[in-house]
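In the working numbering, the protein residues as written are 6 to 402.
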């Protein structure tokens, strides 16, 4: 039995601890905040995420809190026309074996937290901000900002895009600032006109901007997210902004989208950041997962999904024994790096080529997407949404 130290008690950290515990290992989760909580609004979960949640034993609990949507819908944000819809019922569900759904972050986090609290091999330590670590031949030791020391057989950095563990392991500096600002608000669904309560993730695409909305919280709320390619260079996170600013910055929205945007009141802004893919994020007894390993923009809606996959693969690779931890962590890195790098680059490409083009480029995008059949669309996402083999070893499919 191995003892893993997990730096970070977010979605990825808890999923990692649960995955390791289900393989018979111990996990001590070190969370810098004073309590294990989750903030934030909506997350989209594809079938690949639910497959991972199946393997972690919490899929039913998450599905019980989820909103199962009928389609992904891309609209022309200027003309208001429907460009393309990706159906998510019927043949989609039959092909990918799990649903596509949206949840509030807490509705994913709390089932993972409850499962960790019930798992005999998991210890949750709050107020423990990992500040440094040191490896030795038989283990690793971490020190927290308040001077405590924790020892284990391995360390997993699940501490996000500005990971302390990554800073030491990879040393590639600050995250890449995308130049895109996102504004988020959540409103009660009863404030939404009945004719606009669509059971879809709807994206209105315009020149250098887009606006997304979908129901969360078992349909009680509408999640609003408006993104502008404004060249922002300062890493802002969660700053409150006045309602009139958001309305002005997205003044070119068409009528229906404008109705919904205007309902938002308590707006906050973030400047989106990600990281370039790296080939190596494991070193001896230390490894990374989730945003610490492969932070990505939100445009592919896969950040949480890929972290859940990481957790399952890490548990799978470490199954059976505590021996040869460095080799096992290197294998986990090898299993995951190509797939996650592909998603990172896809997310960037979608932001530029799918969501934000203008003029002739937008018209060409619309024409291309309208030419695709339902089966064509399912085929395009099959490698991502349908991945039930993300635990496969290199060379074994």
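Glycine included, every Cβ here is placed at the ideal spot set by N, Cα and C. Nothing here was measured: the structure is a model prediction, and the numbers come from that model.
Applying the 10 Å Cβ sphere with the 16-neighbour rule, what's the burial state of residue i?
i	result
residue 342	buried
residue 44	exposed
residue 399	Only weak support exists for where residue 399 lies, its pLDDT of 46 falling under 50; the value from the coordinates is given anyway. Its Cβ having fewer than 16 others within 10 Å, residue 399 is exposed.
residue 326	exposed
residue 224	exposed
residue 250	exposed
residue 364	exposed
residue 200	exposed
residue 183	buried
residue 12	buried
residue 215	buried
residue 388	exposed
residue 384	exposed
residue 7	buried
residue 86	exposed
residue 402	Note that residue 402 has pLDDT 33, beneath the 50 cutoff, so the model's placement of it is unreliable and the number below is only indicative. It counts as exposed.
residue 169	buried
residue 198	exposed
residue 368	exposed
residue 253	exposed
Quick one, are the C-beta atoms of residue i and residue j less than 9 angstroms apart?
i	j	result
residue 226	residue 109	yes
residue 307	residue 187	no
residue 63	residue 23	yes
residue 316	residue 106	no
residue 322	residue 340	yes
residue 145	residue 162	no
residue 150	residue 167	no
residue 121	residue 67	no
residue 222	residue 112	yes
residue 300	residue 165	yes
residue 217	residue 204	no
How many Å lie between residue i and residue j at the Cα?
i	j	result
residue 244	residue 190	12 angstroms
residue 314	residue 391	12 angstroms
residue 356	residue 328	43 angstroms
residue 83	residue 123	50 angstroms
residue 20	residue 230	26 angstroms
residue 69	residue 141	44 angstroms
residue 236	residue 330	43 angstroms
residue 258	residue 353	23 angstroms
residue 53	residue 72	16 angstroms
residue 206	residue 261	15 angstroms
residue 139	residue 77	46 angstroms
residue 211	residue 362	7 angstroms
residue 248	residue 305	27 angstroms
residue 378	residue 238	39 angstroms
residue 213	residue 263	17 angstroms
residue 36	residue 350	29 angstroms
residue 134	residue 374	47 angstroms
residue 320	residue 41	22 angstroms
residue 272	residue 291	38 angstroms
residue 128	residue 154	15 angstroms
residue 181	residue 171	14 angstroms
residue 91	residue 382	7 angstroms
residue 38	residue 47	21 angstroms
residue 152	residue 130	14 angstroms
residue 386	residue 312	18 angstroms
residue 286	residue 256	43 angstroms
residue 194	residue 137	45 angstroms
residue 266	residue 32	43 angstroms
residue 132	residue 79	43 angstroms
residue 371	residue 114	37 angstroms
residue 337	residue 344	12 angstroms
residue 281	residue 174	15 angstroms
Out of the options, which has the shortest C-alpha to C-alpha gap to residue i?
i	options	result
residue 209	194, 310, 233 and 198	233
residue 14	282, 286, 276 and 119	119
residue 59	310, 351 and 274	310
residue 270	290, 289 and 196	196
residue 97	25, 46, 81 and 75	75
residue 176	297, 371 and 202	297
residue 333	80, 149, 104 and 160	160
residue 278	381, 266, 345 and 241	241
residue 268	192, 102 and 25	192
residue 335	47, 284 and 38	284
residue 441	173, 295, 219 and 80	Absent from the structure is residue 441, since the part of the chain shown begins at 6 and ends at 402.
residue 117	376, 25, 393 and 81	25
residue 143	276, 289 and 81	289
residue 366	65, 276, 51 and 81	81
Of all Cβ atoms in chain B, is any one closer than 9 angstroms to the Cβ of residue i?
i	result
residue 99	This model lacks chain B altogether, as it is built from one protein chain only.
Am I right that residue i and residue j are in contact with their C-beta atoms under 8 angstroms? What's the rounded C-beta distance?
i	j	result
residue 61	residue 27	7 angstroms
residue 126	residue 30	6 angstroms
residue 147	residue 10	6 angstroms
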